[in-house]
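Right, one structure below, let's go through it.
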Amino acid sequence: MSWGQQAIWKSISWLEEEAHYFNLARVVALPDGTATDGVITALGQLIARHEALRSTFANGADGPVQTVYGDGSATVTVHASPPDAPGPPDETDAQAFADRLAASPFRNGEEFGMRYALLTHAGEPVWLVMVVSHQATDFWGVRVLEDELARLLRGESLGPVEWQPLDQARHQQEGEGARRGRAALEHWERTLSTAPASHFDFAPPPDGASEDDPERFVRLRLDSVAGAVAAQRLADRCRVSTSTVLLTAAAVTLAAYTGHDRAVLLLIAGNRNEPRLQSMVGAQTENALFVLAHGEGTFEDAVRGGFLTTMSAYRYGEYDPAAMDEVHERVGRARGRKLDLSAFFNDVRMQDRWDTLPDTGDDPEALLALRERSEVDFIGSWARQDAKYFVHTPYSADSLQLFLMADTHYLPVPVIEGLLRAMETLLVESVHGKVTPAEALSGLTLPKRERTPDTRA
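In structure tokens, the structure reads:
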């Protein structure tokens, strides 16, 4: 497997039967007049183009391997509306069907990494439902599939795919690909030798905290128009992306709450900087190491410092995962403690700006009035996750959607909400004033955990 395939393989293997968490469900509205045979033909072309859609994945004698099939078959199940249905299924119906199809993990050693279904009404296809295994591809690859599928359904001809996951796996074994991986390992080892070993060096969770708690990991969502307006204003002022602004907010808020002068987050690196990787369907993402010192400066100071830090992190985000495990073990032994890199940030938007935001001009009261509309909602809970703090943001045209999933053994639900509110405070109040991460947290009543002796590092 390529390094990106190995990286997601580790996570899927760790989750075992809960690995359906990683399944990527998509629904595609089919234009009027689309024929079932036309959809089947387009899917066949898609499968023929991309090796990842006709591959299986398993542990081999020398590690995880992929097997690419030159022929075979895929099943497209057809689900017709009941005869007495008042009309065709709508998007809500299609998404509910997709969620059910995605509810079981892929059998990656036996099953190709994509499931298909057609929802029809009066004999005509209305929706195409696709569920993609994260082992087969990442979010970028899913968008490649969606774009190509739309073009194929329009009858367009597509050029050949230049680069496949097996090509990438071979590229990483020698030459420039291997050299890039070694440089990343050296960078991580240098950085981890002095960075905080953990943000979660609290005393152990209180008595009664169960390892099997089905609601141990909780995700909340901040819905904030004011946050989007503020992030865009700060990005313009600091000449950075809004992604850098949001990442910095997630980083310094965690560091300030946990009492560290540097934030250590893992970023989800797409690793698609080369043109030949733009059209590859495959798992290419790995973690990038982001370490930001925020000191006593303002949030805007931290944003300005975060840009180059982010670029450096992504530069060293492609490496052999097995060799990286050895780096972690070696650094941990040298420091006398196990490293705990369990804080993440992931911006999954495909564009950096929002399309339809109100203009608050230079009026701070208008921005504060927008903030009154902000809400924090409960999204879900899980018994197991491999992160203690995970911030992510998907695209929304008219609002900042900021999600935080956290381990309640370390960050109870009131703290999760408080951290989201503190991120919004940093964004909004920095537009018309100067605010530090500590000040953003000071207005919140949040419980603190005592740190065990000699663990702050």
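Sequential numbering from 0 applies to the sequence shown in numbering that gives the first Met the number 0. In this text, a Cβ means the ideal position worked out from N, Cα and C, and glycines have one as well.
Asked, Found
"Could you give the residue range of the alpha helix (DSSP H) that holds His186?", "Gly174 to Leu191"
"Please name the residue or residues paired with Phe344 in a DSSP beta bridge.", "Leu266 and Val390"
"Whole beta strand (DSSP E) runs in the segment 94-169 with 3 or more residues, listed along the chain?", "113-120 and 123-131"
"Just the C-alpha distance for Ala365 and Ser240, rounded to the nearest angstrom, thanks.", "23 Å"
"Exposed or buried, Val77, counting other C-beta atoms within 10 Å across all chains shown (16 or more means buried)?", "exposed"
"Since Gln400 sits in a beta bridge, which residues does DSSP pair it with?", "Asp222"
"Would you call Leu488 buried or exposed, if buried means 16 or more other Cβ atoms sit within 10 Å of its Cβ?", "Since the first residue of the chain shown is 0 and the last is 456, residue 488 is not available in this structure."
"Distance check for Leu264 and Phe199, CA to CA, integer angstroms please.", "12 Å"
"So for Val239, helix, strand or coil by DSSP?", "coil"
"Any chance the segment 95-111 sits against the segment 11-24, with 3 or more Cβ pairs inside 8 Å?", "yes"
"First and last residue of the alpha helix (DSSP H) that includes Leu366?", "Pro363 to Arg370"
"Hey, how far is the Cα of Leu219 from the Cα of Asp36?", "43 Å"
"Can you grab the Cα-Cα spacing for the pair Val302 / Pro195, in whole Å?", "20 Å"
"Measure the alpha-carbon distance for Ser12 versus Trp187 and round it to whole angstroms.", "24 Å"
"If Ala225 sits next to Val26, beta carbons under 8 Å apart, how far is it from one beta carbon to the other, in whole angstroms?", "31 Å between Cβ atoms; not a contact."
"Whole angstroms is fine: what's the gap from Leu443's alpha carbon to Phe201's?", "20 Å"
"What did DSSP end up calling Thr76 once you bin it into helix, strand or coil?", "strand"
"Put Phe298 into one of helix, strand or coil per three-state DSSP.", "helix"
"Alpha carbons only, please: which of Val128, Asp61 and Ala41 is nearest the one belonging to Ala321?", "Asp61"
"Could you work out which residue in Gln350, Ser429 and Ala421 is closest to Ala439 when comparing CA atoms only?", "Ala421"
"Can you name the residues that DSSP bridges to Gln65?", "Phe56"
"Could you check what DSSP says for Asp376 in three-state terms: helix, strand or coil?", "strand"
"Give me whichever residues DSSP pairs with Glu285 in a beta bridge.", "Ala268"
"Go to Ala47, then tell me how far its alpha helix (DSSP H) extends in each direction, as first and last residue.", "Thr35 to Arg48"
"Please report how far the alpha carbon of His259 lies from the alpha carbon of Pro436, in whole angstroms.", "11 Å"
"Can you tell me whether Met349 is buried or exposed, with buried defined as 16 or more other CB within 10 angstroms of its CB?", "exposed"
"Closest to Val347 by C-alpha separation, out of Ser380, Ser242 and Met0, would be which residue?", "Ser242"
"By the DSSP assignment, the beta strand (DSSP E) with Arg383 in it spans what residues?", "It is not in any beta strand (DSSP E) - Arg383 carries neither H nor E in the DSSP assignment."
"CA-CA distance, Ser197 and Asp31?", "55 Å"
"In this structure, what does DSSP give as the bridge partners for Val290?", "Val263"
"Assign Val217 to one of three DSSP states: helix, strand, or coil.", "strand"
"According to the Cβ coordinates, are Leu14 and Arg370 closer than 9 Å?", "no"
"Near Thr481, which residues of its chain fall below 6 Å by C-beta distance, leaving aside the five closest residues on each side in sequence?", "Past the edges of the chain, shown from 0 to 456, lies residue 481, and the structure says nothing about it."
"Short check: CB of Ser54 to CB of Thr66, under 9 Å?", "yes"
"I need the straight-line Cα distance from Glu16 to Gly379, nearest angstrom please.", "18 Å"
"By alpha-carbon positions, which one of Asp397, Met129, Arg314 and Asp351 ends up nearest to Arg372?", "Asp397"
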